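Its first residue numbered 1, the sequence shown is counted upward by one per residue in UniProt numbering.
To start, the structure under review is shown below, and the notes come after it.
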Amino acid sequence: MGERTRTALRGLLSVRPVPGAHRVALRAGISVGVPLLTVLALGRPGWSVYAAFGAFTSLYGRNHVHLSRAVMQVSAGAALTCSVVVGVLVGSLEARAWVAVPVAAAVAALGALLAATQDWHPPGPLFLVFAFGAVASAPRTVADVPVAATVAGLSALFALVVGNVGSVLSRRRSRPARLAHVWTWQPVRYALAVVLAGGVATAAGIGHPYWAMVAAVAPLSAVGVTAQLVRAAHRALGTLLGLLTSAALLAPHLSPYATVLVVAGLQIVTELLVGRNYGLALLFVTPMALLMGQLAVARPPGELLFDRGVETVIGAAVGGAIVLAEPWLRRRSPTGARTPER
């Protein structure tokens, strides 16, 4: 057994300590739960998808404090809101399924650039692709744009307040922002992953092709080939095992308010685990994503579980293949040829 294989196995199974995860988890749970409860109280469950993706602003800057985290969350929240709006515009088209693939690739490429220049944590455009793909996958109208922008924007603003109110009361010094180097190859690989995974899933006629796109970009933000391959394996295996927890939570057909409380709880558990072991966190990410989708438009659980499993395997396989082929692809790319090895 080679050293890389041993390292990969350790990465698959290791559970790392993450100091302060409970604070991040609580902020994320509040940031997701309150906006979702609000749209339900307004009698607008269809707005829950906009509220949820705005709330994902809370997931950024977990390792930063005070001004550094606030700046990062402002840029991430604005990008998430823009992704939602673009998703509405694409969702208003009759040919939205195929149009969504190249547009998602553009979102991934631009998101990769923004994430690198702003030194986002978590890095990469995963949540932007997720937000765009989920919104674009359902029929929309151009008239939905103002509502989507407002709901997502207010949800992002609420997450920003929740994420930084403690900093106002604290005298901890902020961590200086670090400007990450923007690799010219990075946007290309993210866009390629989205095009391949989304194209295969859309051509196969399986529902929710954006799940394949998200699974394809997920491994690419890790550092190093071994870590990227471990992330791809975690995405596939964690999701497949997460289908069991999903089936258990979808079976009772929870009421909308009960669903929101469960989603908030799953978000808290996810944030407690994601830094420790990504695959373990997927046991809770998977039902959380499916339950959030059910809030807006209820679908047969069996269909959801099948789509989630197949799409994720497709996407993780594409992401892993790009990682393995990356040295050759970089040499063939006119921009990547001048890029140093990572």
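All residues carry an ideal CB built from backbone N, CA and C; glycine is no exception.
Predicted model only: the values in this text are computed from it and were never measured.
| said: Can you look up tyrosine 60 in the DSSP assignment and give me helix, strand or coil? | reply: coil
| task | Compute the distance between the beta-carbons of glycine 279 and glycine 319, then report whether it is under 9 Å. | result | Against a cut-off of 9 Å, the Cβ pair of glycine 319 and glycine 279 comes out as no contact.
| task | Indicate the three-state DSSP secondary structure (helix, strand or coil) for histidine 121 in the structure shown. | result | coil
| request: Can you tell me which of Pro252, Pro327, Val260, Gln267 puts its alpha carbon nearest to the alpha carbon of valine 225? | output: Pro327
| said: Considering Cα atoms alone, identify which of Ser155, Ser255, Ala148 is closest to glycine 91. | reply: Ala148
| request: Could you check if alanine 105 is buried or exposed, using at least 16 other CB atoms within 10 Å of its CB as the buried criterion? | output: buried
| What number of angstroms, rounded off, separates the C-alpha of alanine 134 from the C-alpha of valine 217? | Computed Cα separation, rounded: 15 Å.
| field | Minimum length 4: unbroken alpha helix (DSSP H) runs contained in the UniProt domain "Integral membrane bound transporter" (196-319) | value | List check, alpha helix (DSSP H) in window: 209-217, 225-250, 256-273, 278-296.
| field | Three-state class that DSSP yields for arginine 172 in the structure shown | value | Residue placement at arginine 172 is flagged as unreliable, the pLDDT there being 49, under the threshold of 50; the coordinate-derived value follows with that caveat. Three-state result, arginine 172: coil.
| said: Short of 7 Å in beta carbon distance, which residues of its chain neighbour alanine 138, apart from the five on each side in sequence? Order them along the chain. | reply: The beta carbon of alanine 138 sits closer than 7 Å to those of Gly91, Val297, all from its chain and outside the five residues before and after it, given in chain order.
| message | Just verifying my parser: in three-state terms, what is the DSSP assignment at valine 142? | response | helix
| query | Taking just the CA atoms, how far does serine 14 sit from asparagine 63? | reply | 21 Å
| task | Measure how close the beta-carbons of glycine 124 and alanine 112 come, nearest whole angstrom, since I'm counting them as under 8 Å. | result | Going by Cβ atoms, the distance from glycine 124 to alanine 112 rounds to 6 Å, so yes, they are a contact pair.
| query | From this set, Gly275, Phe306, Asn277, Arg276, which residue's C-alpha is nearest leucine 290's C-alpha? | reply | Phe306
| query | What's the gap between the Cα of alanine 201 and the Cα of glycine 33? | reply | 31 Å
| request: Using only alpha-carbon positions, find the residue among Arg27, Gly20, Leu80 that is nearest to serine 58. | output: The closest CA to that of serine 58, considering only Arg27, Gly20, Leu80, is found on Arg27.
| query | Does the region 309-325 come within contact of the region 248-268, defined as at least 3 CB pairs closer than 8 Å? | reply | no
| said: If contacts are defined as beta-carbon pairs under 8 Å, then arginine 96 and alanine 136 qualify, I think. What distance do you get, rounded to the angstrom? | reply: That belief holds up - the Cβ atoms of arginine 96 and alanine 136 are roughly 6 Å apart, short of 8 Å.
| Excluding five sequence neighbours on each side, which residues of the same chain lie with their C-beta closer than 6 Å to the C-beta of leucine 37? | Val260
| query | Would you report the Cα separation of glutamate 303 and alanine 193, rounded to the nearest angstrom? | reply | 25 Å
| said: Please state the DSSP three-state secondary structure of alanine 105. | reply: helix
| query | Could you give the distance in angstroms between the alpha-carbon of alanine 162 and the alpha-carbon of arginine 331? | reply | Residue identity differs from the one stated: residue 162 is valine in this sequence, not alanine. Rounded to the nearest angstrom, the gap between the Cα atoms of valine 162 and arginine 331 is 45 Å.
| field | 8 Å contact criterion, which alanine 159 and valine 84 should meet: CB distance rounded | value | At roughly 14 Å, the Cβ-Cβ gap does not stay under 8 Å, so alanine 159 and valine 84 are not in contact.
| query | Terminal residues of the continuous alpha helix (DSSP H) containing valine 135? | reply | Looking at the DSSP string, the run of the alpha helix (DSSP H) that includes valine 135 is 126-136.
| Taking aspartate 186 as the reference, which of Val323, Arg276, Ala152 has the closest Cα? | Residue 186 is actually glutamine in this sequence, not aspartate. Out of Val323, Arg276, Ala152, Val323 has the C-alpha closest to the C-alpha of glutamine 186.
| query | The alpha helix (DSSP H) spanning alanine 21 covers which residue range? | reply | 21-41
| Which residue comes first and which comes last in the alpha helix (DSSP H) that contains alanine 52? | 48-55
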